[in-house]
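Counting along the sequence shown from 1, when you hit position 259 you're at 329 in my numbering, and nothing is skipped either side. Single-structure report; data block below.
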Amino acid sequence: MLIVKKTIKYLFYFFIISSLLGCLTVYATYQYIKNDLPDVETLKNVEFQTPMQVYSADGYLISQFGEKRRIPLTYEQIPPKLINTLLATEDNRFYSHNGVDFIGMVRAAITVLTSGSKKQGASTITMQLARGFFLNRDKTYIRKIKEIFIALKMEQELTKEEILTLYINKVELGYRAFGFGAAAKVYYGKNIDELNIAQMAMLTGLLKAPTAYNPLRNPERALFRRNTVLWRLKDARYITEQEYQQALELPLSARYHGAEIELDSPYIAEMVRQELVDKYGEEVAYTQGFQVYTTVTLKSQSAALHALRENLHNYDERHGYRGAQKILWIENQESKPDNKEIINALKNEPDFGWLENVAVIHIDNEKNTFSFLRKNGQTGVVEWDGMKWARAFIDDDSQGDEPKSVTEIVHVGEVVSVRKVDSTWHLSQFPDASSALVAIDPNTGAIQALVGGYDFRQSEFNRVTQAKRQVGSNIKPFIYSAAIQHGFTLASIVNDAPINQWDRRQGTVWRPQNSPPVYDGPIRLRTALAKSKNVVSVRLLRAVGIDNLVNHLTQFGFSRDDIPRNESLALGSASFTPMELATAYTAFANGGYIVKPYVIERVEDSAGNMIYQAPIQKLCRPNCEPQDSIAEFTPTETQTIEQELIYAPRAISKQNAFLIADAMTSTIWGGGDWNRGTGWNGTGWRARALKRKDIGGKTGTTNEAKDTWFSGYAPNLVVTSWVGFDDHRRALGASSYNNNLGKDQVYGKEFGAQTALPSWITYLQTMLDGIPQNDNQLPEDISTVRIDTETGKLSNKTDYTAMFEYFISGTEPSQFADNSPQIEMLNSTQSGEVAETEIEQIF
């Protein structure tokens, strides 16, 4: 009995001493590491790294930038089923412990002592969160001790709901998905509250090892882990036996879902990315959850992409078929690989744009068709109408004879490209030429559509903003604008006749020619612009003066460094980007102002607060004071920042802008009397297909057709289309088999009206559908008089020899036409006509 008492006494002392030593050890350990413990108060205001998302103006996702995919959830947004799944799997005593589950720790310690293993167990959700925010994953005792202290501190300063919310949004679940909100999108393409219990169990099972239990890489292990999570849910009585059995029967069903891009606009996305990185830096731009809304819409951007691709395919097919991508096997010479081998080979051939690479597996000579195998294992058929275009490509200017049979075009075993046209398959090929299209609202500067090439994945080079190309006759409206500013009118007569100028320095004669080389003699400016007369442009440059013309061009935003100071400027030797050209054309559509193009309308932070909004560009129309105070413009109820106000600079007078814009309608509609045989076409006559009188524009083609353009305006739109080769040395070839070239054939080459204009037309067919036609409203100081079409003088006639013309008030002709128009023209010095000193330069 005495021995028992002594034993109890010693055990009591041992317990007291051990407790004191334990407390001292804990205190000493705390003192040792306390300076290394983080401030968990920061977790109350934690900002998760959330990717930047780019949207169209009407809310369609264009792109997403950032290494981590995350969709932060508030506690109210977390489904109770997900919380139950987490608790059953990771920490069933979560609501009863203070951050550290000591019972679980004792169990883990016993495991270590009995097995010698360093497997870490009993980590509560709070401890996992502490490790995720503040510690690394090293399995060391000091890290575990720090984890315990941080968890205890977290439980003191945060509520259980806050800890759960942080945990659910923090954990990594594979495929760059951080948090359950993002994981639901990545693996199921759904919001978290749309998942069933089996799907939530699968996501929860990833917590143990996102790679090992990933359903996309290891479906068998993932299924086993999901079912283990479901068993724990049943064991913890969160679900019934019946619900458990039903969940076990459900398939895994997970597959990878990338960012749900709803509008294919990678060139727009890259412009936005670069602008945001320049403005905020990569660290901020990619992690703060910016929601960027652009100026483009689904309708406009889709129409532009369709127009550009369709036009490039049409051009490419006019110039012949370049043959198969590669040959997988030769029929009758070697055994055909099985479908699996063919599919694997096809997967190594990247698809771009509308194209899909397929393998020819059968040719039906009787039906003139061929069958093909696709990467997805499906088959398709190309009929004769979908391949009869495929004359053999010889070079840029010539093609072979029209094919008579399928075997002249394709062979079994070849990899070829096909594309869907309406509901049928067509043989196709990647376009050899390049293109760009941009549309701007001339009243605001907002970019309505922008396509920088056939496919961004094939070439990230944005030809709208980065490709400086010679503009050809697209420069002429600006030259005519300078002429108007220097006393010419649309009725002024200039001689359309060949020029021969001796160059003493070069010892050669400069002979600028019209294209085609047709000369009409004395011609009015309106007609000369519509017909794109090169020699008239040169004569106008001489009349205005090179210095005056260069100064005039800089008013439209063109850089002085990009403007050649010689007479080739009149023919379009200057090189500008499509964006620069479209921006300059806005002045003709908005009354003379140059707006600054922009693509970002507003930027919101992850909470929906606006942190940037594009400035208002004010056109002083009809009248305004530049001194208007910006402070007078206060935010609307939907704004959170004050919107900046800027004034668009004036390039030309509204009268000048009106006259040039109206003259450009003649490029499309021509003039004269077709019933009497005096009618004539402008170079852009194809745009009559739009059946609109409120549109105008200008074609452009450079030497040897290396660059082709069409720039013009429509209601609330200025659109520039360019087609050419990225390799400046190549010219757009002749479509020699096309019998409809007629006047459009220029030394065997294609040019702007045939090559660039079609995409302009196709785009506007969509954008102008349902838009009422604008009335032609005259600005002040514009008058209308009847003129003689031959001399540009006044006329009292009402027949085909006369027409109404617009003039800036005070520049109208004052003499009537008579039977000696040439003499009258040479001797006239009346206002609105060419002065005698100018005549000497022109003739």
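We put the beta carbon where it would ideally sit given N, CA and C, even for glycine. No experiment lies behind these values; they were computed from the predicted model shown.
Q.
Can you list, in chain order, the residues of its chain with a C-beta nearer than 6 Å to that of valine 476? Leave out the 5 residues immediately preceding and following it.
A. Ile433, Asn438, Phe440
**Q.** glycine 251, DSSP secondary structure in three states
**A.** helix
Q: Report the residue ranges of all alpha helix (DSSP H) runs contained in full by the stretch 223–308; include only those spanning at least 4 residues, in chain order.
A: 230–240, 250–258, 267–275, 289–305
Q. How many angstroms separate the CA atom of cysteine 93 from the CA atom of isoleucine 153?
A. Low confidence applies here, because cysteine 93 scores a pLDDT of 45, under 50, leaving its location unreliable and the question unanswered by this model.
Q) What is the residue span of the alpha helix (DSSP H) that aspartate 732 lies within? A) 724–739
Q: Give every residue of the same chain whose Cβ lies closer than 8 Å to the Cβ of histidine 327, excluding the five residues on either side of it in the sequence, and list them in chain order.
A: Lys255, Val256, Tyr257, Tyr258, Gly259
**Q.** For alanine 516, the residue or residues it bridges with in DSSP
**A.** Tyr668
Q) Under three-state DSSP, which class holds leucine 156? A) helix
Q | Assigned secondary structure, histidine 949 (DSSP; H/G/I helix, E/B strand, else coil) | A | Since the displayed the chain opens at 71 and closes at 913, residue 949 lies outside it and no answer follows.
Q.
In whole angstroms, give me the CA-to-CA distance for lysine 32 and proline 719.
A. What the structure shows of the chain is the stretch from 71 to 913, and residue 32 is not part of that stretch, so it cannot be assessed.
Q) For the alpha helix (DSSP H) that contains tryptophan 830, what are its first and last residues? A) 827–837
Q: Would you please state the rounded distance, in angstroms, between the beta carbons of glycine 251 and isoleucine 141? I believe it to be under 8 Å.
A: 3 Å
(Q) Using a 10 Å radius around the Cβ and a threshold of 16 neighbouring Cβ atoms, would you call threonine 196 buried or exposed? (A) buried
Q) Is glutamine 518 buried or exposed, if buried means 16 or more other CB atoms sit within 10 Å of its CB? A) Label assigned to glutamine 518: buried.
Q. Along the chain, where does the beta strand (DSSP E) that runs through proline 592 open and close?
A. 591–594
**Q.** For glutamate 345, the nearest candidate out of Lys546, Ala271, Glu484, Val673 (CA to CA)
**A.** Val673
Q.
Assuming contact is defined by CB atoms lying nearer than 8 Å, are glycine 273 and lysine 240 in contact in what I supplied?
A. The sequence as given places leucine at residue 273; glycine does not occur at that position. Their beta carbons are not under 8 Å apart, which means leucine 273 does not touch lysine 240 by this criterion.
Q | Sheet register partners of lysine 490 (DSSP bridge) | A | Trp495
Q. Can you name, in chain order, every residue of its own chain whose Cβ lies under 7 Å from the Cβ of proline 667, other than the five neighbours on each side?
A. Ile510, Gly515, Ile517, Met649, Thr653
Q: Spell out a yes or no on whether the stretch 576–592 and the stretch 550–559 are touching, meaning 3 or more CB-CB pairs, one atom from each, closer than 8 Å.
A: no
Q.
Do glycine 542 and glycine 456 count as a contact pair if the criterion is CB distance below 8 Å?
A. no
Q) Under 8 Å between the Cβ atoms of valine 608 and isoleucine 569? A) It is a contact, given that the beta carbons lie within the stated cut-off.
Q: Note down the Cα distance separating serine 323 from arginine 489, rounded to an integer number of angstroms.
A: Using only the alpha carbons, I get a separation of about 31 Å.
Q.
Can you tell me whether tyrosine 165 is buried or exposed? The criterion is at least 16 other CB atoms within 10 Å of its CB, across all chains shown.
A. Within 10 angstroms of the beta-carbon of tyrosine 165 lie fewer than 16 other beta-carbons, which makes it exposed.
Q. Closest by CA to isoleucine 936, which one among Ile670, Arg746, Leu689, Pro587?
A. Lying outside 71 to 913, the shown extent of the chain, residue 936 is not represented and no answer is given.
Q. How big is the Cα-Cα spacing for asparagine 809 and threonine 120?
A. Unreliable placement is indicated for asparagine 809, whose pLDDT of 35 sits below 50; no coordinate value is reported for it.
Q. Just how far apart, CA to CA, sit isoleucine 479 and glutamine 583?
A. Distance between the alpha carbons of isoleucine 479 and glutamine 583: 41 Å.
**Q.** C-beta atoms of phenylalanine 500 and leucine 610 nearer than 8 Å
**A.** no
Q. Got a sec? Which residues, its chain only, sit under 7 Å from glutamate 225 by beta carbon, not counting five neighbours each side?
A. Asn168, Gly169, Thr196
**Q.** Residue from Ala460, Trp454, Phe118, Thr737 with nearest C-alpha to tyrosine 391
**A.** Ala460
Q. Where tyrosine 130 and leucine 368 are concerned, what is the direct C-alpha to C-alpha distance, given to the nearest angstrom?
A. 7 Å
Q) In its own chain, which residues sit with a C-beta less than 6 Å from the C-beta of aspartate 334, not counting the 5 before and 5 after it? A) Contacts found: none.
Q) Tell me which same chain residues have a C-beta within less than 8 Å of the C-beta of leucine 848, skipping the five on either side of it? A) Hits under 8 Å: Phe728, Thr854, Tyr876.
Q. What is the rounded straight-line gap between the Cα of tryptophan 830 and the Cα of glycine 742?
A. Their Cα atoms are separated by approximately 25 Å.
Q: Under 7 Å Cβ to Cβ from lysine 445, same chain only, skipping five residues before and after it: list those, please.
A: Ile413, Leu416, Lys417
Q.
Please classify phenylalanine 558 as buried or exposed, where buried requires at least 16 other C-beta atoms within 10 Å of its C-beta.
A. buried
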